[in-house]
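Some notes on the structure that comes next.
Protein chains in written order, with the working numbering: chain A, 94 to 514; chain B, 21 to 313.
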């Protein structure tokens with residue numbers, strides 16, 4: 094009896110003790126890099142005594158979950174991860190804490206980050222609000238075994254008069270898509286045509302590859318009605334409807350990836366973090382057969398940054414965590430697990446280069462990628478663009494008409510944001 | 021004496037209902053009033069303050085928005101389709117089950133399974149089933165020699181796919197309610213009809229349907245209101261696409277609030293939707309009553 098009493102008292106003491114421990118709460122997306130962070134986090138708790146509670150949700154729910162917490166005077170997240178296209182909105186609304194003082198005080202070196210990553214998910218108008226977490230620049234993933242097959246090479250050369258190789262130009266890639274379309278077993282390409290962000294992000298690669306732009310960088314004048322943009326949308330529509338599998342117009346990235354991972358597509362332009370997933374036998378039938386290359390001409394850059402919201406209940410512990418997770422040692426550990434790096438020192442690491450021979454291609458990708466327009470109303474623009482692209486792909490609107498509509502709404506949003514008079 | 025008792029009764033009743041009513045006021049009336057108030061302001065999540073009064077500007081902008089009008093039209097078609105089809109199907113199943121003597125509990129259990137599932141789960145399951153190349157549905161119809169169908173990627177098909185999944189999910193709701201109504205019907209009119217020589221078809225049209233009318237009205241009303249709110253299925257299965265073929269109004273308003281962050285406009289759209297639902301409800305109620313007369 095006494096023993097039971099003592100035991101329960103001890104248990105209660107333990108429980109209240111646990112409640113007293115500092116805990117930081119983080120909202121993250123269910124992607125591979127989040128899993129790698131979860132794997133290393135126990136060490137942080139062991140070193141500092143700070144518990145880390147990571148809430149993992151689907152991408153589509155993140156913005157909705159974040160906004161009410163960011164608006165509130167005291168939110169429930171100490172640390173957040175910010176997708177590049179929320180950056181304009183979050184900083185304009187004043188939801189993020191500037192990090193410059195903390196960076197200076199703790200002597201954190203930010204010069205190791207690629208400048209493009211720092212511009213995308215780090216610095217805004219000269220103030221550092223985020224540290225780049227991982228990149229998801231889009232890449233061309235393709236069937237290396239088919240590309241290197243001598244019989245295929247001979248047939249391709251005979252048909253097009255050019256060699257079959259990693260595509261250097263956009264037209265060359267489109268020819269390969271046509272060439273490898275052998276329905277129903279193999280499709281030249283699989284697309285992620287679901288609106289709004291899967292289609293908008295994927296099509297951006299087509300736009301850049303065709304030499305198009307979203308806007309004139311000097312004036313913010315939208316340029317979606319350019320002949321390059323129209324050609325890019327025609328390419329996209331043809332790929333979905335003629336060379337892709339049935340249903341690609343409604344695929345999210347998971348479904349499109351599954352088609353590629355089952356060996357049913359020659360190519361898939363997607364986030365580079367899928368590269369490691371192709372070699373995972375539990376989710377792929379093409380282990381060792383897929384490789385990654387930069388999208389010919391230029392692809393879309395993307396990335397996430399660590400940030401401390403204004404409403405963070407414990408900003409000091411939050412910074413302690415961010416500085417730890419982005420320290421050289423832990424950044425390399427995350428990369429070794431398969432994460433997508435943003436730091437030059439990680440890319441230069443010899444062990445990692447031995448483990449991942451595609452690192453030079455990935456680095457070239459990061460250096461050559463172009464950014465999506467980042468302004469206060471980026472999420473809204475993605476919504477508009479996704480809708481119009483989807484209307485064009487399903488044949489309900491002509492590509493030129495769809496882009497004209499997107500261009501006008503883009504202009505209206507830029508005006509609303511004060512970027513255009 | 022009796023009047024005093026009645027008054028005391030009433031007071032006691034109010035006392036008992038008081039806490040419930042107060043809670044109702046708090047959770048129903050307050051959001052409604054807040055929504056109405058917000059709809060008159062330019063209120064965005066970027067600047068969440070009620071300081072820019074725009075009168076009916078948000079309502080004018082909502083009604084002027086082609087996307088919103090399109091979403092209303094799609095929703096109307098969706099609601100009519102699911103409510104009618106589910107009602108007809110539900111009535112047939114309920115009539116069949118009503119005459120089942122043994123093992124009714126088993127049928128009940130099977131029927132209730134989809135209804136117990138979260139709509140998000142339903143959406144995810146069906147998205148997998150309907151995957152054009154790797155889903156089981158196209159595989160099975162392929163065994164019968166039917167060409168694969170582009171369930172969610174073709175604007176003409178996607179709408180009906182959504183309707184079909186909703187029927188799969190919700191039809192048991194109709195069945196259960198109608199079955200309860202059927203079980204409560206008095207046996208005497210049927211006996212009388214049989215004595216007079218009326219067959220089952222005449223008995224159905226002249227006895228069952230008229231007696232069942234109150235239950236049918238309530239069932240249709242509840243289902244109609246729920247159908248207007250459909251959001252999860254679209255969100256999981258199509259995101260309003262392909263194109264804007266399945267852009268239901270609840271999902272449209274959600275995007276207005278949480279993607280565009282324009283709560284004032286979203287509030288105005290919600291009130292427009294509320295007005296439409298109230299009108300529909302009133303009309304259906306009166307129509308069903310006029311049938312009795």
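Just so you know, even glycine gets a beta-carbon here, dropped at the ideal spot from N, CA and C.
C-alpha distance - residue i paired with residue j, whole-angstrom precision
i, j, result
"residue 225(B)", "residue 119(B)", "17 Å"
"residue 1(B)", "residue 229(B)", "Nothing can be reported for residue 1(B), as the shown portion of chain B is limited to 21 through 313."
"residue 496(A)", "residue 308(A)", "13 Å"
"residue 38(B)", "residue 302(B)", "28 Å"
"residue 89(B)", "residue 326(A)", "27 Å"
"residue 297(A)", "residue 483(A)", "13 Å"
"residue 161(B)", "residue 152(B)", "11 Å"
"residue 63(B)", "residue 93(B)", "27 Å"
"residue 500(A)", "residue 236(A)", "35 Å"
"residue 171(B)", "residue 155(B)", "10 Å"
"residue 454(A)", "residue 510(A)", "37 Å"
"residue 332(A)", "residue 244(B)", "40 Å"
"residue 112(A)", "residue 170(A)", "Confidence at residue 112(A) is low in this model, with a pLDDT of 45, below 50, so its placement is unreliable and the value that follows should be read with caution. If I take the Cα positions, the gap works out to 17 Å."
"residue 315(B)", "residue 295(B)", "Outside the displayed range of chain B (21 to 313) lies residue 315(B), so it cannot be described from this structure."
"residue 470(A)", "residue 180(A)", "10 Å"
"residue 152(A)", "residue 291(A)", "11 Å"
"residue 261(A)", "residue 269(A)", "12 Å"
"residue 102(B)", "residue 502(A)", "34 Å"
"residue 263(B)", "residue 487(A)", "6 Å"
"residue 105(A)", "residue 372(A)", "Confidence at residue 105(A) is low in this model, with a pLDDT of 46, below 50, so its placement is unreliable and no value can be given for it."
"residue 240(B)", "residue 179(B)", "21 Å"
"residue 95(A)", "residue 51(B)", "The pLDDT assigned to residue 95(A) is 48, lower than 50, so where the model puts this residue is not dependable; a value taken from the coordinates is nonetheless given after this. So the two alpha carbons sit approximately 53 Å from each other."
"residue 136(B)", "residue 206(B)", "31 Å"
"residue 164(B)", "residue 158(B)", "10 Å"
"residue 108(A)", "residue 144(A)", "With a pLDDT of only 45 at residue 108(A), under the threshold of 50, the placement of this residue in the model should not be trusted; the figure read from the coordinates follows. Their backbone Cα atoms lie some 14 Å apart in a straight line."
"residue 163(A)", "residue 72(B)", "22 Å"
"residue 232(B)", "residue 310(B)", "15 Å"
Distance CB(residue i)-CB(residue j) smaller than 9 Å
i, j, result
"residue 295(A)", "residue 389(A)", "no"
"residue 178(A)", "residue 475(A)", "yes"
"residue 131(B)", "residue 192(B)", "yes"
"residue 451(A)", "residue 384(A)", "yes"
"residue 226(A)", "residue 398(A)", "yes"
"residue 284(B)", "residue 236(B)", "no"
"residue 465(A)", "residue 392(A)", "no"
"residue 118(A)", "residue 148(A)", "yes"
"residue 138(B)", "residue 29(B)", "no"
"residue 215(A)", "residue 229(A)", "no"
"residue 172(A)", "residue 415(A)", "yes"
"residue 173(B)", "residue 286(A)", "yes"
"residue 432(A)", "residue 218(A)", "no"
"residue 427(A)", "residue 129(A)", "yes"
"residue 363(A)", "residue 210(A)", "no"
"residue 115(B)", "residue 127(B)", "no"
Sheet register partners of residue i (DSSP bridge)
i, result
"residue 363(A)", "232(A)"
"residue 206(A)", "436(A)"
"residue 398(A)", "175(A) and 225(A)"
"residue 384(A)", "235(A)"
"residue 189(A)", "402(A)"
"residue 118(A)", "146(A)"
"residue 58(B)", "Partner(s): none; residue 58(B) has no beta bridge."
"residue 73(B)", "61(B)"
"residue 315(A)", "308(A)"
Distance between beta carbons of residue j and residue i, contact taken as under 8 Å
i, j, result
"residue 401(A)", "residue 411(A)", "5 Å"
"residue 258(B)", "residue 343(A)", "6 Å"
"residue 337(A)", "residue 283(A)", "6 Å"
"residue 166(A)", "residue 404(A)", "6 Å"
"residue 425(A)", "residue 439(A)", "6 Å"
CB contact check: residue i to chain D, cutoff 9 Å
i, result
"residue 186(A)", "Absence of chain D from the displayed structure is noted, the protein chains being A and B."
Going along the segment 140 to 155 of chain B in order, which residues come within less than 7 Å of chain A, judged by CB to CB distance? 151, 152, 153 and 154
Scan the segment 251 to 266 of chain B for residues whose Cβ lies nearer than 7 Å to a Cβ of chain A and list them as they occur along the chain. 258, 259, 260, 261, 262, 263 and 264
Against chain A: residues of the segment 280 to 291 of chain B by CB proximity under 8 Å: The segment 280 to 291 of chain B vs chain A, Cβ under 8 Å: 280 and 281.
Taking a Cβ distance cut-off of 8 Å, strictly less, list which residues of the segment 170 to 200 of chain B are near chain A, in chain order. Here the close residues are 170, 171, 172, 173, 174, 175 and 178.
Got a sec: which bits of the segment 340 to 365 of chain A sit with their beta carbon under 8 Å from any beta carbon on chain B, in order along the chain? 340, 341, 342, 343, 344, 348, 351, 352, 355 and 357
Relative to chain A, which residues along the segment 51 to 77 of chain B have a C-beta separation below 7 Å, given in chain order? 65, 66 and 68
Can you pull out the residues from the segment 151 to 168 of chain A whose beta carbon lies closer than 7 Å to at least one beta carbon of chain B? The residues in question are 156, 157, 160 and 164.
What residues in the segment 433 to 465 of chain A bring their beta carbon closer than 9 Å to a beta carbon of chain B? none
Anything in the segment 289 to 319 of chain A with a Cβ closer than 7 Å to a Cβ of chain B? List those residues in chain order, please. Legend: CB atoms of the segment 289 to 319 of chain A lying less than 7 Å from CB atoms of chain B belong to residues 289.
Taking Cβ-Cβ distances below 9 Å as the criterion, which residues of the segment 467 to 478 of chain A are in contact with chain B? So the list reads 469, 470, 472, 473, 475 and 476, given in the order they occur along the chain.
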